[in-house]
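**Q**
4 protein chains.
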Amino acid sequence: MNAKINTKRKRVKFASDNVTGACPEVLDAIIKANDGIAPPYGNDEISDVLQEKFSKIFEKDVIVYPTASGTASNALALSAISPSFGNIYCHKFSHINVDECGAPEFYTGGAKLVPLSGKDGKITVDELNDNIGGFGIVHHTQPSIVSITQATETGEVYTLDQIRNISEIAHKKKLKVHMDGARFANALVSLDVTPAEMTWKSGIDILSFGATKNGCIAAEAIIIFNKELVGNLPFLLKRSGHLLSKMRFVSAQLDGYISNDVWLKNARHANLMAKKLSDGLVSSKQVKLEYPTEANEVFVKLPKKMVEQLITEEYMMSNEEFDGKTVRLVTSWNTKEKEVEEFLKTIFNN
Amino acid sequence: MNAKINTKRKRVKFASDNVTGACPEVLDAIIKANDGIAPPYGNDEISDVLQEKFSKIFEKDVIVYPTASGTASNALALSAISPSFGNIYCHKFSHINVDECGAPEFYTGGAKLVPLSGKDGKITVDELNDNIGGFGIVHHTQPSIVSITQATETGEVYTLDQIRNISEIAHKKKLKVHMDGARFANALVSLDVTPAEMTWKSGIDILSFGATKNGCIAAEAIIIFNKELVGNLPFLLKRSGHLLSKMRFVSAQLDGYISNDVWLKNARHANLMAKKLSDGLVSSKQVKLEYPTEANEVFVKLPKKMVEQLITEEYMMSNEEFDGKTVRLVTSWNTKEKEVEEFLKTIFNN
Amino acid sequence: MNAKINTKRKRVKFASDNVTGACPEVLDAIIKANDGIAPPYGNDEISDVLQEKFSKIFEKDVIVYPTASGTASNALALSAISPSFGNIYCHKFSHINVDECGAPEFYTGGAKLVPLSGKDGKITVDELNDNIGGFGIVHHTQPSIVSITQATETGEVYTLDQIRNISEIAHKKKLKVHMDGARFANALVSLDVTPAEMTWKSGIDILSFGATKNGCIAAEAIIIFNKELVGNLPFLLKRSGHLLSKMRFVSAQLDGYISNDVWLKNARHANLMAKKLSDGLVSSKQVKLEYPTEANEVFVKLPKKMVEQLITEEYMMSNEEFDGKTVRLVTSWNTKEKEVEEFLKTIFNN
Amino acid sequence: MNAKINTKRKRVKFASDNVTGACPEVLDAIIKANDGIAPPYGNDEISDVLQEKFSKIFEKDVIVYPTASGTASNALALSAISPSFGNIYCHKFSHINVDECGAPEFYTGGAKLVPLSGKDGKITVDELNDNIGGFGIVHHTQPSIVSITQATETGEVYTLDQIRNISEIAHKKKLKVHMDGARFANALVSLDVTPAEMTWKSGIDILSFGATKNGCIAAEAIIIFNKELVGNLPFLLKRSGHLLSKMRFVSAQLDGYISNDVWLKNARHANLMAKKLSDGLVSSKQVKLEYPTEANEVFVKLPKKMVEQLITEEYMMSNEEFDGKTVRLVTSWNTKEKEVEEFLKTIFNN
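Residue numbers (the numbering used here), protein chains in the order written: chain H, 613 to 962; chain L, 613 to 962; chain Y, 613 to 962; chain B, 613 to 962.
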């Protein structure tokens with residue numbers, strides 16, 4: 613197979629929140645962690661303390677496994693709680709279904725992602741209900757997990773009620789609920805609720821807590837709200853090469869990120885910039901907002917000439933996940949107000 | 613299963629080279645890479661240039677895939693060139709056989725590691741020759757790869773002749789040769805040869821190039837000396853969560869590491885400290901050197917009272933991989949001469 | 613998990629074509645094969661000759677691997693030609709997607725079945741065309757195979773034109789085409805074409821040739837029309853426990869089945885009985901035919917009272933695959949005309 | 613890979629017990645099962661009754677899953693009770709290690725077979741004890757199963773004491789014990805004990821009950837002595853294509869085999885013939901018995917000229933599993949006394 617890792621894509625402004633570096637607090641934490649020696653594989657003090665800090669944030673004794681990639685977080689979390697013949701219900705646009713090259717299937721040993729059409733970027737209770745079935749019949753893969761993405765791939769944010777309704781059905785039918793929180797902070801500040809409310813209090817069993825996009829270098833965490841769900845995860849982490857020897861540097865990033873509300877501050881800024889961008893865009897009748905701007909992503913349909921103008925001005929203007937006409941614009945923790953203004957100027961060609 | 617990731621092991625002096633942080637040049641490279649935005653997933657400029665730099669170092673157009681963990685490097689490299697029913701011949705002490713919780717088996721979909729007894733820490737040509745067989749017979753797993761570790765798990769270093777002899781047999785029988793170079797630099801400066809000589813010129817097909825232990829935070833590289841062996845590796849990397857979105861920070865570490873001979877300087881220092889430690893230890897008749905000290909690891913048998921003395925003084929004195937009586941001591945890029953002296957003082961109790 | 617292998621379902625008349633035994637010719641072949649000794653694992657003479665007989669039937673040098681189960685045939689065939697990160701496009705009703713507990717995912721190491729809605733039980737060219745994409749992009753699983761079922765799960769039969777059109781798109785995009793021929797003979801006699809026409813001449817690359825349902829005990833065959841697609845299949849067969857030691861008894865069944873047009877005779881009879889049953893049913897205005905009866909399966913919607921009547925009379929009246937209201941009735945090689953008449957009498961309650 | 617399924621090996625007398633057909637009682641059972649219709653997938657009456665019959669034979673409520681191949685039985689049994697990162701301790705000669713092309717690795721998702729040198733063909737308690745370790749340490753694959761073969765690959769039979777001692781160590785360390793009983797009956801009559809004594813009363817947790825070699829066509833059974841060990845086996849069976857639709861024909865074979873002591877009669881005869889063959893051979897000083905003849909296999913070292921003589925007379929004289937000089941001779945349920953005599957005549961060349 614001829615793979616295009618190197619797409620030579622150089623126009624990356626507003627292309628994604630993964631084009632940025634680390635925020636100062638996170639970089640400082642790395643530099644600080646570099647002093648002296650420490651036990652490897654997460655046996656260090658920073659990693660130790662992290663468990664407590666996350667437990668405080670989530671108002672519950674949680675179990676935290678830091679990882680260096682979001683795909684790893686998702687796939688490992690799912691593989692901890694799904695049998696190899698499990699069904700994992702997810703939105704058809706979801707990252708686990710579309711953008712991880714089959715990582716969940718690899719890690720689970722062949723579980724089946726059941727893609728749901730949803731409404732916009734969200735799973736609906738009715739469709740979920742219709743699709744869960746076949747329990748105990750050996751011919752069928754077995755309903756095991758519902759996975760939702762918060763914020764969604766369309767930049768929308770599930771309300772607490774929506775999360776609760778999905779979890780309720782899942783739990784009634786003995787499924788577990790996973791949240792892909794690649795943009796967890798952006799969703800959290802959008803809803804203005806507590807981390808506990810958006811997760812275990814609404815029925816989430818296991819969370820992929822994203823941090824890379826919102827100010828880290830390579831730091832995510834699998835957060836488990838129920839000790840019984842840990843399963844074989846420690847072995848699966850090691851076995852997949854995701855138990856880093858100098859784990860303290862991942863833990864340090866997370867520490868810098870969640871301390872002093874850095875993560876919330878970063879997310880609020882990104883969301884604000886997205887709002888500003890979105891408002892600026894829809895001020896033109898030529899621009900159609902595809903989904904409501906609820907976090908740090910803006911989806912718009914633009915006239916052809918606008919797209920062309922953006923491309924010549926070094927903006928990233930392709931979006932392979934959805935149809936060719938919709939443009940995704942992503943803001944981040946360090947998007948400058950001036951950059952938004954420049955973008956709007958460019959697009960409105962003056 | 614009740615896993616002990618947290619062993620609360622606090623005595624880590626000389627315990628391993630993974631207890632250290634990054635060397636200044638690597639840390640600087642990270643800080644520098646943090647400026648501005650860059651395309652994700654290795655499409656950035658730092659990652660691009662890395663291919664050229666490694667090609668220069670190895671005197672050949674190599675293909676480089678940076679990863680964040682050595683276990684990932686090894687398992688991915690092996691899975692790129694072994695079928696699921698392949699035999700991977702390795703030393704019984706090898707990291708892939710003993711210390712990766714079955715990562716090669718997981719990544720290959722069930723290949724069989726064939727453990728060889730070897731002589732000390734090295735595979736012998738004769739044993740290898742005796743064990744490779746069963747070609748084309750469907751009942752048997754199929755000989756596919758020979759994997760050697762350089763430096764070995766016993767701190768010894770294969771000579772060029774030894775590598776060449778192993779490769780020759782492997783290639784004659786149509787197997788590929790993998791080198792686990794977790795301590796590649798330490799072996800290289802020990803032999804005082806070129807990277808090309810120690811790898812493709814001696815028949816190595818694919819290399820796990822280690823950098824974490826010798827001065828990075830989390831940076832390794834899969835280096836392929838023959839384009840035809842790339843296989844599906846790009847997809848396998850992504851699918852296993854090892855294609856980091858902000859890959860430029862792994863590439864930056866490698867860049868800082870291989871530029872200006874930083875890696876060689878680091879390794880020379882570590883080896884020198886090991887030599888000093890080894891020499892100091894064997895000056896006592898009570899200490900028996902288990903294997904020759906050829907890189908940055910010292911293996912000794914100590915009288916019980918010495919072990920006890922070390923433990924009380926916060927030195928790490930257990931070694932689960934070998935038998936209970938052998939103690940492994942590892943020096944690193946930043947081991948201070950004074951630390952070696954203190955250790956010797958402690959052990960000789962004066 | 614609490615699995616229901618034992619569903620204690622005792623009403624099996626018209627329930628499926630797998631409730632019958634072997635036809636006399638097949639049973640005779642088994643008995644005949646039982647004389648004397650023979651090399652194991654398919655090295656016997658019956659297995660040898662089978663390759664030639666199938667090659668004659670398909671007017672091409674085919675490669676044949678007998679197996680004892682249809683699920684094995686499908687999963688092995690798919691795993692021979694799909695990478696672990698492949699996309700396998702199939703109808704959402706297809707056996708591989710719904711009724712094999714994830715066997716294709718298991719055998720391929722995690723490939724993704726992409727379920728298409730189709731029109732009735734058939735894949736459409738347009739939907740297929742819309743769904744194949746993402747080539748070479750490491751984030752996406754890679755389009756690899758289109759799998760169609762002939763006859764389909766709705767009892768319909770793809771025309772040669774329909775097969776050709778699907779194959780054409782698949783091949784243009786470098787995918788392979790698999791046919792699940794669990795009811796291959798029923799489809800063949802329905803179309804009244806040659807085996808070659810319905811397979812490789814219409815673009816089929818690999819076929820799961822079903823025989824169990826149509827008169828064998830446990831005999832299927834993977835038939836490959838292009839030697840290059842054999843891949844690692846011999847090892848995969850062995851490795852999955854599907855290379856039976858006394859393979860000659862599977863080969864013997866297939867021999868008895870394909871010799872003297874036994875398979876065609878059996879299928880013609882089953883189809884005729886289905887037609888008779890279908891015609892009898894739709895003679896009532898209360899009965900609605902769900903799909904056209906083109907092979908040996910009849911799908912009807914019945915009024916509730918008819919269903920109840922059937923259940924009391926020991927007919928099998930559930931169908932888990934589709935919605936609760938549709939009843940599937942299956943005829944087989946030994947369905948008696950009288951049994952059809954009795955069924956119609958029962959249902960029309962006189 | 614170029615696989616040699618077809619080895620065109622035509623000299624098969626005494627080559628193996630899988631070169632024979634079915635005994636009359638088993639063939640009759642198949643013919644009888646062919647009457648009428650029956651529920652598929654093991655929901656038939658024959659399969660139902662089989663559970664009771666096996667429970668009676670084993671003096672315990674056992675759970676029985678019929679399969680069509682021994683490799684499947686072994687791999688499925690192991691995968692039901694080992695995690696993907698498990699260690700399965702076995703003899704280096706064992707079928708699961710040498711002759712199943714990695715089936716246990718495939719089915720378990722990558723568990724590691726730890727090959728023990730043993731004494732002759734048997735695992736020793738001391739070596740087992742030395743090798744089990746690393747519990748709970750995430751870097752190491754985890755001790756999970758001890759698998760022994762009864763009769764062994766060297767034709768020897770574990771005594772009850774030997775089985776008990778192995779089980780005791782395994783259970784003390786929380787491992788499960790699997791018995792590969794491909795030649796279960798031959799071992800049983802050799803020891804002259806009850807099935808219960810040779811299995812669960814001696815600590816066996818799960819058994820691959822072989823029947824194919826000793827008089828069936830393709831019939832084995834996974835027998836579980838403790839309901840808690842069933843795990844996900846029903847799904848794993850289906851998912852691997854080993855839940856045959858017309859399962860009643862496998863069950864029928866097993867029924868014919870275990871009813872009226874057919875299996876014991878067959879095994880006694882095979883063992884007797886092996887004894888006769890063995891005695892005849894060692895009457896010559898030129899022949900050296902390699903292992904004691906305790907079941908239906910004879911291992912001898914022959915002078916070169918004898919081997920050559922045998923080859924010209926159409927006897928099977930190769931043995932790939934051990935060294936080239938040892939010849940394996942296998943008798944079966946239908947070996948005739950006259951055939952033994954002819955063999956001895958041939959070899960002694962008169």
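Cβ coordinates follow ideal geometry from the N, Cα and C atoms, glycine included.
Less than 7 Å between C-beta atoms, sequence neighbours within five positions excluded: which residues of the same chain meet that for Tyr-677 (chain L)?
**A** Cβ within range, chain order: Ala-833, Ile-834, Leu-845, Leu-849.
**Q** Identify which residue in H:Asn-630, H:Gly-767, H:Lys-786 has its Cα closest to the Cα of Gly-748 (chain H).
**A** The residue with the shortest Cα to Cα distance from Gly-748 (chain H) is H:Lys-786.
**Q** Measure how close the beta-carbons of Glu-712 (chain L) and Asn-686 (chain L) come, nearest whole angstrom, since I'm counting them as under 8 Å.
**A** Yes, Glu-712 (chain L) and Asn-686 (chain L) are in contact; Cβ-Cβ is about 7 Å, under 8 Å.
**Q** With distances taken between CB atoms, is the gap from Ala-794 (chain H) to Tyr-869 (chain H) smaller than 8 Å?
**A** Not a contact, by the Cβ cut-off of 8 Å.
**Q** Does the distance from the C-beta atom of Ser-814 (chain Y) to that of Asp-792 (chain Y) stay below 8 Å?
**A** Not a contact, by the Cβ cut-off of 8 Å.
**Q** Whole angstroms is fine: what's the gap from Lys-825 (chain L)'s alpha carbon to His-707 (chain L)'s?
**A** Roughly 14 Å between the two C-alpha positions.
**Q** How big is the Cα-Cα spacing for Phe-934 (chain L) and Ser-944 (chain L)?
**A** At Phe-934 (chain L) the pLDDT is 34, less than 50, meaning the model places this residue with poor confidence and gives no usable figure here.
**Q** Along the stretch 737-760 of chain L, what residues have a CB closer than 9 Å to any CB found in chain B?
**A** So the list reads Gly-745, Gly-746, Phe-747, Gly-748, Ile-749, Val-750, His-751, His-752, Thr-753, Gln-754, given in the order they occur along the chain.
**Q** Can a CB atom of chain B be found closer than 8 Å to the CB of Phe-718 (chain H)?
**A** False, the Cβ-Cβ gap to chain B never drops below 8 Å.
**Q** Going by C-alpha distance, which of L:Ser-852, L:Ile-829, L:Leu-889 is nearest Ala-864 (chain L)?
**A** Comparing Cα-Cα distances from Ala-864 (chain L) to each of L:Ser-852, L:Ile-829, L:Leu-889, the minimum goes to L:Ile-829.
**Q** So Leu-856 (chain B) contacts chain Y; which residues on that side make the cut at Cβ distance below 7 Å?
**A** Result: Ala-680, Ser-681, Ala-830.
**Q** Between H:Gly-648, H:Ile-735, H:Lys-888, H:His-752, which lies nearest to Ala-715 (chain Y) when the distance is taken from Cα to Cα?
**A** Among H:Gly-648, H:Ile-735, H:Lys-888, H:His-752, the Cα nearest to that of Ala-715 (chain Y) belongs to H:His-752.
**Q** Can you tell me whether DSSP reads Leu-914 (chain H) as helix, strand or coil?
**A** It is coil, neither helix nor strand.
**Q** Touch check for the stretch 904-922 of chain B and the stretch 765-772 of chain B: three-plus C-beta pairs under 8 Å?
**A** Yes, they touch.
**Q** May I have the straight-line CA-CA distance separating Lys-888 (chain B) from Ile-642 (chain B), to the nearest angstrom?
**A** Their Cα atoms are separated by approximately 32 Å.
**Q** Using the Cβ count rule (16 or more neighbours within 10 Å means buried), how would you classify Ile-959 (chain Y)?
**A** Flag for Ile-959 (chain Y) reads buried.
**Q** Using the beta-carbon of each residue, which ones in chain B are nearer than 8 Å to Ile-710 (chain L)?
**A** Residue identity check: residue 710 (chain L) is Val in the sequence provided, not Ile. The contacting residues are His-751, His-752.
**Q** In chain L, what lies closer than 7 Å to Thr-632 (chain H) by C-beta?
**A** Ile-649, listed in chain order.
**Q** Please report whether the beta-carbon of Asn-655 (chain L) lies at a distance below 8 Å from any beta-carbon of chain Y.
**A** Not one chain Y Cβ lies under 8 Å of Asn-655 (chain L).
**Q** Which stretch, first to last residue, makes up the alpha helix (DSSP H) that contains Ala-882 (chain H)?
**A** Counting along the chain, the alpha helix (DSSP H) containing Ala-882 (chain H) begins and ends at 874-894.
**Q** Taking only the alpha-carbon atoms, compute the straight-line gap between Gly-892 (chain L) and Leu-956 (chain L) and give it to the nearest angstrom.
**A** C-alpha separation (whole angstroms): 7 Å.
**Q** Pick helix, strand or coil for Ile-649 (chain H), following the three-state DSSP scheme.
**A** Coil.
**Q** If the cut-off is 9 Å on Cβ atoms, which residues from the stretch 842-867 of chain B count as contacting chain H, listed in chain order?
**A** Under the 9 Å Cβ criterion, the stretch 842-867 of chain B contributes Asn-844, Pro-846, Phe-847, Leu-848, Leu-849, Lys-850, Arg-851, Leu-855.
**Q** Going by C-alpha to C-alpha distance, which of B:Ser-756, B:Asp-817, B:Phe-861 sits closest to Glu-840 (chain B)?
**A** Out of B:Ser-756, B:Asp-817, B:Phe-861, B:Asp-817 has the C-alpha closest to the C-alpha of Glu-840 (chain B).
**Q** Determine the burial state of Asn-646 (chain B): buried for a count of at least 16 other Cβ atoms within 10 Å of its Cβ, exposed for fewer.
**A** With 16 or more other Cβ atoms within 10 Å, it is buried.
**Q** Go through its chain and collect everything with a Cβ distance to Ile-658 (chain H)'s Cβ below 7 Å, but skip five positions before and after it.
**A** Correct list, in chain order: Ala-645, Arg-860, Ser-863, Ala-864, Asp-867.
**Q** Could you have a look at Gln-754 (chain H) and say whether DSSP puts it in helix, strand or coil?
**A** Strand at Gln-754 (chain H).
**Q** Considering only the alpha carbon of each residue, which of Y:Val-624, Y:Ile-675, Y:Glu-637 lies closest to Asn-878 (chain Y)?
**A** Among Y:Val-624, Y:Ile-675, Y:Glu-637, the Cα nearest to that of Asn-878 (chain Y) belongs to Y:Glu-637.
**Q** Along chain L, in chain order, which residues have C-beta atoms closer than 9 Å to that of Pro-695 (chain Y)?
**A** Within chain L, the residues near Pro-695 (chain Y) are Asn-844, Phe-847.
**Q** Is the CB of Gly-815 (chain Y) under 8 Å away from at least one CB in chain L?
**A** Taking Cβ atoms only, chain L never reaches closer than 8 Å to Gly-815 (chain Y), which makes this a no.
**Q** When the Cα atoms are used, what is the spatial distance from Pro-727 (chain Y) to Asn-699 (chain Y)?
**A** Roughly 10 Å between the two C-alpha positions.
**Q** Under the rule that 16 or more other beta-carbon atoms within 10 Å means buried, what is Asn-961 (chain B), buried or exposed?
**A** Classification of Asn-961 (chain B): exposed, given that the 10 Å Cβ count is below 16.
**Q** Rounded to whole angstroms, what's the CA-CA distance from Ala-680 (chain H) to Ala-831 (chain L)? Just pull it up for me.
**A** Those two C-alpha atoms are separated by around 12 Å.
**Q** Quick one: list the residues of chain L neighbouring Cys-713 (chain B), beta-carbon separation under 7 Å, in chain order.
**A** Result: Phe-697, Val-750, His-751, His-752, Thr-753.
**Q** Straight-line CA distance for Leu-800 (chain L) to Thr-683 (chain L)?
**A** Cα to Cα, Leu-800 (chain L) sits roughly 21 Å from Thr-683 (chain L).
**Q** Taking 8 Å as the threshold (beta carbon to beta carbon), is Lys-625 (chain B) in contact with chain Y?
**A** So yes, Lys-625 (chain B) belongs to the interface.
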